[in-house]
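Undergrad: Chains as they are written, first to last, in the working numbering: chain G, 14 to 104; chain W, 22 to 451.
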Amino acid sequence: MNINEKLSTLKYNKDKDSHLSVDNNICRKCIKKVCTYICPANVYEWNDNSSSLIIRYENCLECGACKIACEKNNIQWRYPSAGCGVKFKNG
Amino acid sequence: MENKTEVIVIGAGPSGVSAAIVLARAGKKVLLIERADNAGDKNMFGGEIYTKQTLEIFPNFIKEAPIERPLTEQGFFLINNEDSVKFSYKISPEKEADSYSVIRSKWDRWCVQEAQKAGVIFAPKTLVKELIVENDKVIGIQTELEKYYSDIVIIADGVNSLLAKQIGLRKEISDCDVTVNVKEVYKLNKEKIEDRFNIDEKSGYAAKILGGPLKNMFSIGFMFTNKETLTLGVGISLDDLKRLEKKPYELLEEIKKHPSVSNYIKGAEVIEYSSHMIPEGGYNKMPKLYKAGVMVVGDAAMLVNNVHFEGTNLAMLSGKIAAEVATEALNSGDYSEKFLALYDKKLRESIVIKDLITHKDTVSFLKKHIKTITELYPEIACEMFKVVTSASNEPKKIIYRRFFMKLIKSGVIFKSIPLGLFAIRKCLEK
Ligand SMILES: Cc1cc2nc3c(=O)[nH]c(=O)nc-3n(C[C@H](O)[C@H](O)[C@H](O)COP(=O)(O)OP(=O)(O)OC[C@H]3O[C@@H](n4cnc5c(N)ncnc54)[C@H](O)[C@@H]3O)c2cc1C
Ligand code: SF4
Ligand code: SF4
Chain G
14 MNINEKLSTL KYNKDKDSHL SVDNNICRKC IKKVCTYICP ANVYEWNDNS
64 SSLIIRYENC LECGACKIAC EKNNIQWRYP SAGCGVKFKN G
Chain W
22 MENKTEVIVI GAGPSGVSAA IVLARAGKKV LLIERADNAG DKNMFGGEIY
72 TKQTLEIFPN FIKEAPIERP LTEQGFFLIN NEDSVKFSYK ISPEKEADSY
122 SVIRSKWDRW CVQEAQKAGV IFAPKTLVKE LIVENDKVIG IQTELEKYYS
172 DIVIIADGVN SLLAKQIGLR KEISDCDVTV NVKEVYKLNK EKIEDRFNID
222 EKSGYAAKIL GGPLKNMFSI GFMFTNKETL TLGVGISLDD LKRLEKKPYE
272 LLEEIKKHPS VSNYIKGAEV IEYSSHMIPE GGYNKMPKLY KAGVMVVGDA
322 AMLVNNVHFE GTNLAMLSGK IAAEVATEAL NSGDYSEKFL ALYDKKLRES
372 IVIKDLITHK DTVSFLKKHI KTITELYPEI ACEMFKVVTS ASNEPKKIIY
422 RRFFMKLIKS GVIFKSIPLG LFAIRKCLEK
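Here it is, written out as structure tokens:
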């Protein structure tokens with residue numbers, strides 16, 4: 014079962030704005046890009062063409078791991094607006 | 022003043038709801054705030070709630086709460102590359118189980134309903150953006166829409182506690198102080214669950230899984246039987262995920278495929294995937310717990326005993342103690358930092374901080390010996406059972422000798438000495 018299939022089991026209410034943001038200038042200098050593998054929802058993907066981070070914030074599980082993991086402290090992290098984001102039925 | 026109450030509790034998890042209900046029972050006015058539409062919708066855990074501490078807050082829970090199963094059998098799987106050794110502790114069916122499996126969306130919601138019956142005002146779908154601080158004293162909260170004021174604020178906003186951080190009680194946590202957990206819930210009919218785990222409708226099975234795909238990292242797998250669902254998950258220290266460049270959901274996939282686990286979930290549909298962190302920093306990373314007008318409880322205060330997988334019980338206890346201190350403060354009209362220091366004192370007299378102190382260096386010790394624990398022990402345990410159970414064509418003496426040589430070569434005995442000494446020290450320590 015791949016991550017997209019896993020995420021498809023979840024209910025989300027998409028927030029209109031992203032609750033996650035980064036400064037791509039800092040990401041460009043980041044070698045390990047840990048956010049692209051430690052995230053349990055595969056939210057972050059490095060795009061070589063645009064030299065920037067793709068952030069699929071609508072898939073976020075609101076765990077908070079990325080903000081701690083980023084060694085450059087580059088993730089502006091907040092909760093989605095009340096009533097938005099993920100909803101667990103069987104947590 | 023408009024929008025003013027006696028106590029505001031932020032977060033309707035086990036710690037917040039316990040604080041709120043204890044205050045309401047003491048006749049205090051409490052506003053319980055939760056960012057989710059319904060309590061529990063943002064929460065996930067293993068998991069099991071513990072009977073003793075839960076009864077202290079909810080004396081009626083066994084009869085009335087939406088519990089899944091009493092956990093009458095606790096298993097441990099030591100898994101190697103392909104084989105495994107499993108053992109379990111099973112209690113007599115006449116005895117009260119020490120814990121029950123629950124599903125957070127149902128459990129948290131029931132707890133909040135109980136709190137409402139006791140007089141707590143519940144405000145769901147309300148996100149606290151920040152605390153209002155005046156003259157170094159917390160006097161209220163700012164939500165997305167408005168301001169609310171109170172004599173005391175109790176911060177129960179969980180592992181990420183942006184609010185304890187805002188007022189400087191807590192520093193940014195580091196990657197060695199949390200585990201990232203992912204789990205899946207499987208739909209499986211009651212009979213199948215009961216057959217697969219050798220249980221009946223009045224019993225339940227839980228297991229911890231060590232080694233295999235999780236070797237060489239500070240990690241554990243977990244499995245819980247619910248009424249008509251099964252839970253399987255893994256938790257891995259964030260520093261190890263970074264170090265090994267692992268994706269948490271891929272580790273979960275590897276555990277699912279392991280022959281010691283795969284048959285339990287065979288043919289069962291995954292109905293939900295989820296993730297949540299556990300604070301693992303323990304006593305050394307515990308923040309300051311109070312300040313004028315405010316106290317921090319539960320995961321927000323890092324009150325988790327990760328050696329014994331205890332979180333909800335310490336959350337409930339800390340919530341209860343904070344509520345008792347808040348009641349005294351309200352009665353005497355004193356919300357100063359000096360008065361609220363009583364919360365710290367009482368928490369230290371309880372098992373919450375006593376146990377955290379006992380294990381203040383355990384996680385860092387276990388991390389140093391993680392290869393022995395997660396790789397060597399499962400391997401040697403499997404090897405030992407193989408010696409005893411496989412009827413091969415070789416003479417037994419040769420098999421014994423080979424096993425003995427393996428014991429020597431692997432250094433398992435030598436490597437176990439520090440672990441043994443550590444355990445002895447823990448028992449003797451003051
Ligand atoms: C995978 C996993 C397995 C676990 N297994 C077990 C187990 O088997 N047994 C056990 O005892 N413990 C277990 N735990 C630990 C346990 O879940 C926690 O210790 C416990 O939930 C802590 O309770 P809490 O009330 O402090 O925090 P939480 O339960 O996290 O509750 C915090 C609440 O605050 C809300 N909130 C956060 N910020 C805001 C805000 N700004 N405004 C409004 N609301 C907000 C959240 O939505 C949430 O409802 C496990 C944890 C995990 C992740
Ligand atoms: S780890 Fe931090 S700095 Fe690096 S790519 Fe990710 S967000 Fe950018
Ligand atoms: S909070 Fe968790 S799920 Fe959301 S982006 Fe960060 S790591 Fe991924």
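Even for Gly, the Cβ is constructed at its ideal location relative to N, Cα and C.
(1) Is W/Gly48 near ligand 3, in the sense that its beta carbon is under 6 Å from a heavy atom of that ligand?
(2) Beta carbons nearer than 7 Å to chain W: which residues of the segment 82 to 95 of chain G have them?
(3) Quick check: what's the CA-CA separation for W/Thr395 versus W/Ala344?
(4) Against chain W, does G/Cys43 count as a neighbour if the rule is that its beta carbon must be under 7 Å from one of theirs?
(5) Tell me whether G/Cys97, by its Cβ, gets closer than 6 Å to a heavy atom of ligand 3.
(6) Answer with yes or no whether the minimum CB distance from W/Ser258 to chain G is below 7 Å.
(7) According to DSSP, simplified to helix, strand and coil, what is G/Lys27?
(8) Rounded to the nearest angstrom, what separates G/Asn62 and W/Phe330 at their Cα positions?
(9) Just reading off the alpha helix (DSSP H) that W/Gly303 is part of, what are its end residues?
(10) Does the beta-carbon of W/Ile173 have 16 or more other beta-carbons within 10 angstroms, so that it is buried, or is it exposed?
(11) From this set, G/Ser65, G/Cys76, G/Lys45, which residue's C-alpha is nearest W/Met65's C-alpha?
(12) Residues of chain W with CB closer than 9 Å to the CB of G/Leu23, please, in chain order.
(13) Is any heavy atom in ligand 1 found nearer than 6 Å to the beta carbon of W/Glu55?
(14) Considering just the uninterrupted stretch of the alpha helix (DSSP H) at G/Gly42, what are its terminal residues?
(15) How would you list, in chain order, the residues of chain W whose beta-carbon sits under 7 Å from the beta-carbon of G/Ile106?
(16) Is the CB-CB distance between W/Gly61 and W/Phe243 below 7 Å?
(17) I need the straight-line Cα distance from W/Phe406 to W/Ile257, nearest angstrom please.
(18) Can G/Ala78 be considered in contact with ligand 3, in the sense that its beta carbon sits closer than 6 Å to one or more heavy atoms?
(19) With distances taken between CB atoms, is the gap from W/Asp365 to W/Leu310 smaller than 7 Å?
(20) Evaluate the contact criterion for the segment 260 to 274 of chain W versus the segment 130 to 148 of chain W: three or more CB pairs, one atom per stretch, below 8 Å.
(21) For ligand 1, is there a heavy atom less than 6 Å away from the beta-carbon of W/Val149?
(22) Per DSSP, which residues does W/Leu251 bridge with? Please list them.
(23) Under DSSP, the alpha helix (DSSP H) around W/Ile286 begins and ends at which residues?
(24) Exposed or buried, which one is W/Lys111 when buried takes at least 16 other CB atoms within 10 Å?
(25) Could you check the C-alpha separation between W/Ser437 and W/Cys403 for me, to the nearest Å?
(26) In angstroms, rounded to a whole number, what distance separates the CA positions of W/Ile160 and W/Ser171?
(27) Got a sec: is the Cβ-Cβ distance from W/Val318 to anything in chain G below 7 Å?
(28) Where DSSP assigns a beta bridge to W/Leu99, which residues make up the other side?
(29) Work out the CA separation of W/Val30 and W/Glu103 for me, nearest whole Å.
(30) Note down, in chain order, every chain W residue with its Cβ under 8 Å from the Cβ of G/Tyr50.
TA: Working from what's here:
(1) It does not: the Cβ of W/Gly48 is nowhere closer than 6 Å to a heavy atom of ligand 3.
(2) Within the segment 82 to 95 of chain G, the residues whose Cβ lies closer than 7 Å to some Cβ of chain W are Ala82, Tyr92, Ser94, Ala95, listed in chain order.
(3) Distance between the alpha carbons of W/Thr395 and W/Ala344 is about 41 Å.
(4) Taking 7 Å as the CB threshold, G/Cys43 stays off the interface with chain W.
(5) No - ligand 3 has no heavy atom lying nearer than 6 Å to the Cβ of G/Cys97.
(6) No, W/Ser258 does not count as interfacial toward chain G.
(7) Coil, per DSSP.
(8) Between G/Asn62 and W/Phe330, the C-alpha separation is close to 45 Å.
(9) Segment: none, W/Gly303 is in no alpha helix (DSSP H) and carries neither H nor E.
(10) Burial of W/Ile173 is indicated by the presence of at least 16 other C-beta atoms within 10 angstroms of its C-beta.
(11) The residue among G/Ser65, G/Cys76, G/Lys45 with its C-alpha nearest the C-alpha of W/Met65 is G/Cys76.
(12) Here the neighbours are Glu293, Tyr294, Ser295.
(13) In this structure, W/Glu55 has its beta carbon less than 6 Å from a heavy atom of ligand 1.
(14) The sequence shown places Lys at residue 42 of chain G, not Gly. Run containing G/Lys42: none; DSSP gives neither H nor E here.
(15) Residue 106 of chain G cannot be examined here, being either before or after the span of chain G that is shown, 14 to 104.
(16) No. Outside cutoff.
(17) In this structure, the straight-line span from the alpha carbon of W/Phe406 to that of W/Ile257 is close to 28 Å.
(18) Yes; taking the cut-off as 6 Å, the Cβ of G/Ala78 has a heavy atom of ligand 3 nearer than that.
(19) Between W/Asp365 and W/Leu310, the gap from beta carbon to beta carbon is short of 7 Å.
(20) By the C-beta criterion, the segment 260 to 274 of chain W is judged not to be in contact with the segment 130 to 148 of chain W, since fewer than 3 inter-stretch pairs fall below 8 Å.
(21) Short note on W/Val149: C-beta closer than 6 Å to some heavy atom of ligand 1.
(22) DSSP lists W/Tyr207, W/Thr246 as the bridge partner or partners of W/Leu251.
(23) Where W/Ile286 is concerned, the enclosing alpha helix (DSSP H) starts and stops at 280 to 286.
(24) Exposed is the call here.
(25) Each residue's CA atom was taken as its position, placing W/Ser437 and W/Cys403 some 17 Å apart.
(26) Rounded to the nearest angstrom, the two C-alpha atoms are 6 Å apart.
(27) With 7 Å as the cut-off, W/Val318 does not count as an interface residue toward chain G.
(28) DSSP links W/Leu99 through a beta bridge to W/Val106, W/Leu231.
(29) Those two C-alpha atoms are separated by around 48 Å.
(30) For a Cβ distance threshold of 8 Å, residue set Leu262, Glu266, Lys267, Lys268 of chain W lies close to G/Tyr50, ordered along the chain.
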